[in-house]
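Trainee:
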Amino acid sequence: MQQLSDEELIQRSRAAQLGAQDPYINELLSRYRQRVSLWCLRYTGDREEALDLAQDALTQAWRRLESFEGMSRFSTWLYTITRNTCLNSLRSRDARGGEPAELPEELPDLRISPLDDELARAAQLEMARRWVTEILDQTEQRVFAMHFGDEIPLDAVTRLLGLRNASGAKAYVVSGRRKLAEAARRWRARCDRPAAFAAAQ
Amino acid sequence: MPPLSEAFRRGPQCPDVYDLELLLPDADRPVPERVRHHVYQCSACQKELALLARFQLSTPGPDERANLEWMEQRISSLPDAEKSPIPWWRVLFIAMGPVRRWLLLISAIVAIVSGALQLRRLREPAPDVTMGRRSNAIRDTRVELIAPAGELTELPQKLQWAAFAGAARYRVTVSDVDGVELWHGETSSLSIDVPAAVKADLLPNKTLLWRVHALDPDGVRIAYSSPQKIVYVPDVPR
Numbered sequence: 001m002q003q004l005s006d007e008e009l010i011q012r013s014r015a016a017q018l019g020a021q022d023p024y025i026n027e028l029l030s031r032y033r034q035r036v037s038l039w040c041l042r043y044t045g046d047r048e049e050a051l052d053l054a055q056d057a058l059t060q061a062w063r064r065l066e067s068f069e070g071m072s073r074f075s076t077w078l079y080t081i082t083r084n085t086c087l088n089s090l091r092s093r094d095a096r097g098g099e100p101a102e103l104p105e106e107l108p109d110l111r112i113s114p115l116d117d118e119l120a121r122a123a124q125l126e127m128a129r130r131w132v133t134e135i136l137d138q139t140e141q142r143v144f145a146m147h148f149g150d151e152i153p154l155d156a157v158t159r160l161l162g163l164r165n166a167s168g169a170k171a172y173v174v175s176g177r178r179k180l181a182e183a184a185r186r187w188r189a190r191c192d193r194p195a196a197f198a199a200a201q
Numbered sequence: 202m203p204p205l206s207e208a209f210r211r212g213p214q215c216p217d218v219y220d221l222e223l224l225l226p227d228a229d230r231p232v233p234e235r236v237r238h239h240v241y242q243c244s245a246c247q248k249e250l251a252l253l254a255r256f257q258l259s260t261p262g263p264d265e266r267a268n269l270e271w272m273e274q275r276i277s278s279l280p281d282a283e284k285s286p287i288p289w290w291r292v293l294f295i296a297m298g299p300v301r302r303w304l305l306l307i308s309a310i311v312a313i314v315s316g317a318l319q320l321r322r323l324r325e326p327a328p329d330v331t332m333g334r335r336s337n338a339i340r341d342t343r344v345e346l347i348a349p350a351g352e353l354t355e356l357p358q359k360l361q362w363a364a365f366a367g368a369a370r371y372r373v374t375v376s377d378v379d380g381v382e383l384w385h386g387e388t389s390s391l392s393i394d395v396p397a398a399v400k401a402d403l404l405p406n407k408t409l410l411w412r413v414h415a416l417d418p419d420g421v422r423i424a425y426s427s428p429q430k431i432v433y434v435p436d437v438p439r
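Heads up: the sequence lines are chains A and B, in that order.
According to my numbering, the first sequence is numbered sequentially starting from 1.
According to my numbering, the second sequence is numbered sequentially starting from 202.
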């Protein structure tokens, strides 16, 4: 059975219809038990909480296996379940009044269009996306996307990205903020120059 | 004006994680150019790709091994809650003892055989009207989808498929790539109008799946199609 691919195990399980005692699914999930556990451990930093989350993710994978269409690797499908389980847990913890996700301080203002409609908003967002990829390095972008985009705490970001520097993700937030503030200052100076020139005349 | 933090969130134009998978080093299919181009300019997608790669190749560090071993000792592949208990009839069967068990088994066999003989006597032999076509019907177990498929530059108006022998009605489902059903409908014809709710879900570059189940006159499923992937890619003038 160990020679079978993930997809072959799923096919055989579907053909055999063995229910909860299915050896094919047992084999499949045992292949990923460590990955799911490790992911949850990095997410929470607490082995007991991680154990609950990992068990929950594996349960959901087992329950929803029928919906796996084989259009991606099984591991990618399992990744989405594990990621969503961890994110949902984090959000419900915050909703219960637990430790709130750290929010960004005042970030530079990208006032690039006076139009206030959906199209302008989408264009501004597109420009902001390009702007940050040009200014921040790859690790800073990942840290910002996890912390400010997904609201994942910085200690979890450090573990999930495997950052080995002394202050972990926090150092990247500090350096990234500095770069963004400096770039925004240059941007505003460039925008204000024509107005100052016109005023002088 | 959107706050800058939105630039770090995944949006409707971001490819799903199954497309991002194609950017991993050992992907077995080519990456669509629009995916590669988008990811290059999107921090949120680059983050998602990095996390997916770390999940695929995850190996525990020295400081994680002890906790991981602790977890591995306690976690089970199939959760306990899902392991079904021994059913009541099996418990009763075991409790009967060997002699009663045999008696029950023999009387069940006698009842089934005599019931079958009785039924056979009541029934007239039916003429074989299949005239050799039966083998084709058994072989053909898939409903064939006609349109739409793949990347669409306009929102689809209808879903169409080929007739399946013996089907009285067709059940059509639309789901997202995680298999979550977004809409379903039934019809006796070979097409169905795409409802406004599905069109609203079909955001640019978001993948949806649709499939058709063929139902017999009793509503029992007799065949089904493979899921068909559709992505709405609006034709933006350049």
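We treat Cβ as the ideally placed atom computed from N, Cα and C, and that holds for glycine.
Around the Cβ of leucine 410 of chain B, are there at least 16 other Cβ atoms within 10 angstroms (buried) or fewer (exposed)?
Mentor: Counting from one through the second sequence, the residue named residue 410 of chain B turns up at place 209. Counting Cβ neighbours within 10 Å, leucine 410 of chain B comes out buried, since at least 16 surround it.
Trainee: Do you know how far the Cα of arginine 83 of chain A is from the Cα of proline 435 of chain B?
Mentor: Taking the first residue of the second sequence as 1, we reach residue 435 of chain B at position 234. Taking the first residue of the first sequence as 1, we reach residue 83 of chain A at position 83. The straight-line gap from Cα to Cα measures roughly 30 Å.
Trainee: Since threonine 354 of chain B is in the beta strand (DSSP E), which residue starts that stretch and which ends it?
Mentor: Counting from 1 along the second sequence, the entry for residue 354 of chain B is found at position 153. Neither: threonine 354 of chain B is in no beta strand (DSSP E) and is coded neither H nor E.
Trainee: When burial is assigned at 16 or more other CB atoms within 10 Å of the CB, is tyrosine 24 of chain A buried or exposed?
Mentor: Residue numbering aside, residue 24 of chain A sits at position 24 when the first sequence is read from its first letter. Tyrosine 24 of chain A comes out buried.
Trainee: Between the segment 235-249 of chain B and chain A, which residues of the former have CB atoms less than 9 Å from a CB of the latter, in chain order?
Mentor: Tyr241, Gln242, Cys243, Ser244, Ala245, Cys246, Gln247, Lys248, Glu249
Trainee: If the cut-off is 7 Å on Cβ atoms, which residues from the segment 121-133 of chain A count as contacting chain E, listed in chain order?
Mentor: Considering every chain present, this structure includes no chain E. Its protein chains are A and B.
Trainee: Quick one: using the 10 Å Cβ neighbour count with 16 as the cut-off for buried, is glutamine 247 of chain B buried or exposed?
Mentor: Here residue 247 of chain B refers to the residue found at position 46 of the second sequence. Per the 10 Å Cβ criterion, buried.
Trainee: Enumerate in chain order the residues of its own chain whose CB-to-CB distance from serine 13 of chain A is below 6 Å, with the five nearest sequence positions on each side excluded.
Mentor: Here residue 13 of chain A is taken as the residue at index 13 of the first sequence, counted from 1. Hits under 6 Å: Asp22, Tyr24, Ile25.
Trainee: Taking only beta-carbon atoms, is asparagine 406 of chain B less than 8 Å away from chain A?
Mentor: By one-based count along the second sequence, residue 406 of chain B stands at place 205. At a cut-off of 8 Å between C-beta atoms, asparagine 406 of chain B does not count as an interface residue with respect to chain A.
Trainee: Secondary structure at valine 232 of chain B, three-state DSSP: helix, strand or coil?
Mentor: Position 31 of the second sequence holds residue 232 of chain B. In this structure, valine 232 of chain B counts as coil in the three-state DSSP scheme.
Trainee: Among all the DSSP beta bridges, which residues are the ones paired with glutamate 182 of chain A?
Mentor: Reading the first sequence from its first residue, position 182 is the one you call residue 182 of chain A. When DSSP reads this structure, glutamate 182 of chain A sits in no beta bridge, so it has no partner.
Trainee: Between the alpha carbons of arginine 177 of chain A and leucine 28 of chain A, how many angstroms are there, rounded?
Mentor: As a first step, residue 177 of chain A is located in the first sequence; it is residue number 177 there, counting from the start. As a first step, residue 28 of chain A is located in the first sequence; it is residue number 28 there, counting from the start. Between arginine 177 of chain A and leucine 28 of chain A, the C-alpha separation is close to 43 Å.
Trainee: Along the chain, where does the beta strand (DSSP E) that runs through threonine 408 of chain B open and close?
Mentor: Position 207 of the second sequence, counted from the first residue, corresponds to residue 408 of chain B. Note, threonine 408 of chain B: beta strand (DSSP E), 408-416.
Trainee: Using alpha carbons as the reference points, say which of B:Val432, B:Asp377, B:Ala364, B:Arg235 lies closest to valine 413 of chain B.
Mentor: Here the question's residue 413 of chain B lines up with position 212 in the second sequence. If we check each option's Cα against that of valine 413 of chain B, B:Ala364 comes out closest.
Trainee: Quick check on this structure: which residue in A:Leu9, A:Val143, A:Ala50 has the alpha carbon closest to the alpha carbon of serine 244 of chain B?
Mentor: The sequence position of residue 244 of chain B within the second sequence is 43, counting from 1. Minimum Cα distance to serine 244 of chain B is reached at A:Val143.
Trainee: Could you check whether the Cβ of arginine 73 of chain A sits closer than 8 Å to any Cβ belonging to chain B?
Mentor: Position 73 of the first sequence, counting from 1, holds the residue named residue 73 of chain A. By this cut-off, arginine 73 of chain A is an interface position.
Trainee: What runs of the alpha helix (DSSP H), each 4 residues or longer, lie entirely inside the segment 121-161 of chain A?
Mentor: Taking 4 residues as the shortest admissible run, the segment 121-161 of chain A contains the following complete alpha helix (DSSP H) segments, listed from N- to C-terminal end: 138-144, 154-161.
Trainee: Quick one: residues in its chain with C-beta nearer than 7 Å to the C-beta of glutamine 141 of chain A, no 5 flanking neighbours on either side, listed in chain order?
Mentor: Residue 141 of chain A sits at position 141 when you count from the first residue of the first sequence. Excluding residues within five positions, the ones whose Cβ falls inside 7 Å are Val132, Thr133.
Trainee: Does the segment 149-162 of chain A come close enough to the segment 40-50 of chain A that 3 or more CB-CB pairs lie under 8 Å?
Mentor: yes
Trainee: What residues from chain A crowd round leucine 383 of chain B, counting only those whose CB sits closer than 9 Å?
Mentor: Along the second sequence, read from residue 1 onward, the residue named residue 383 of chain B stands at position 182. The contacting residues do not exist; leucine 383 of chain B stays about 13 Å from chain A at best.
Trainee: Counting only Cβ pairs nearer than 8 Å, list the residues of chain A close to isoleucine 276 of chain B.
Mentor: Within the second sequence, residue 276 of chain B is the residue found at index 75, counting from 1. Per Cβ cutoff of 8 Å: Arg33, Ser37, Leu51, Ala54, Gln55, Leu58.
Trainee: Under 9 Å Cβ-Cβ, which residues of chain A neighbour glutamine 429 of chain B?
Mentor: Here residue 429 of chain B is taken as the residue at index 228 of the second sequence, counted from 1. Result: empty, since nearest Cβ-Cβ is about 11 Å, beyond 9 Å.
Trainee: Looking at the secondary structure, which residues open and close the beta strand (DSSP E) in which valine 432 of chain B lies?
Mentor: Along the second sequence, one-based indexing puts residue 432 of chain B at 231. Taken as a continuous stretch (DSSP letters only), the beta strand (DSSP E) holding valine 432 of chain B covers 429-433.
Trainee: On the three-state DSSP scale, how would you describe glutamate 382 of chain B?
Mentor: Walking along the second sequence from the start, residue 382 of chain B turns up at place 181. Glutamate 382 of chain B: strand per DSSP, three-state reduction.
Trainee: Going by DSSP in three states, alanine 363 of chain B sits in which element: helix, strand or coil?
Mentor: The residue you call residue 363 of chain B lines up with position 162 of the second sequence. Alanine 363 of chain B: coil per DSSP, three-state reduction.
Trainee: Which residues in the same chain have their Cβ closer than 8 Å to the Cβ of leucine 383 of chain B, if we skip the five residues on either side of it in sequence?
Mentor: Sequence index remark: in the second sequence, residue 383 of chain B carries index 182 (1-based). Excluding residues within five positions, the ones whose Cβ falls inside 8 Å are Val375, Ser376, Asp377, Ala398, Val399, Asp402, Leu409.
Trainee: Does any residue of chain A have a CB that is nearer than 8 Å to the CB of proline 231 of chain B?
Mentor: As a first step, residue 231 of chain B must be located in the second sequence, where it is residue number 30. No - not a single Cβ of chain A is within 8 Å of the one on proline 231 of chain B.
Trainee: If you compare alpha carbons, which of A:Leu65, A:Ser92, A:Gln17 is closest to leucine 53 of chain A?
Mentor: The residue labelled residue 53 of chain A in the question sits at position 53 within the first sequence. Among A:Leu65, A:Ser92, A:Gln17, the Cα nearest to that of leucine 53 of chain A belongs to A:Ser92.
Trainee: Can you tell me where the beta strand (DSSP E) with aspartate 394 of chain B in it begins and where it stops?
Mentor: Position 193 of the second sequence, counted from the first residue, corresponds to residue 394 of chain B. Aspartate 394 of chain B -> beta strand (DSSP E) spans 392-394.
Trainee: I need the DSSP call for serine 376 of chain B, collapsed to helix, strand or coil.
Mentor: Here residue 376 of chain B refers to the residue found at position 175 when the second sequence is read from its first residue. Strand at serine 376 of chain B.
Trainee: Mark threonine 354 of chain B as exposed unless 16 or more other C-beta atoms lie within 10 angstroms of its C-beta, in which case mark it buried.
Mentor: As a first step, residue 354 of chain B must be located in the second sequence, where it is residue number 153. Counting Cβ neighbours within 10 Å, threonine 354 of chain B comes out exposed, since fewer than 16 surround it.
Trainee: Could you check the C-alpha separation between glutamate 207 of chain B and alanine 61 of chain A for me, to the nearest Å?
Mentor: Locating residue 207 of chain B in the second sequence gives position 6, where the first residue counts as 1. Locating residue 61 of chain A in the first sequence gives position 61, where the first residue counts as 1. Approximately 30 Å between the Cα atoms of the pair.
Trainee: Tyrosine 79 of chain A: which of B:Pro261, B:Ala254, B:Glu345 sits nearest, CA to CA?
Mentor: As a first step, residue 79 of chain A must be located in the first sequence, where it is residue number 79. The option with the nearest alpha carbon to tyrosine 79 of chain A is B:Ala254.
Trainee: Spatial neighbours of tyrosine 425 of chain B within its chain, please: C-beta separation below 8 Å, excluding the five flanking residues on both sides.
Mentor: As a working note, residue 425 of chain B is residue 224 in the second sequence. Hits under 8 Å: Arg343, Val344, Arg412, Val413, His414, Ala415.
Trainee: Given that a residue counts as buried once 16 or more other Cβ atoms are within 10 Å of its Cβ, and exposed if not, what is valine 421 of chain B?
Mentor: By one-based count along the second sequence, residue 421 of chain B stands at place 220. So valine 421 of chain B counts as exposed.
Trainee: Helix, strand or coil for glutamate 345 of chain B, going by three-state DSSP, please let me know.
Mentor: Numbered from 1 along the second sequence, position 144 holds the residue referred to as residue 345 of chain B. Looking at glutamate 345 of chain B - three-state DSSP - the assignment turns out to be coil, as it is neither helix nor strand.
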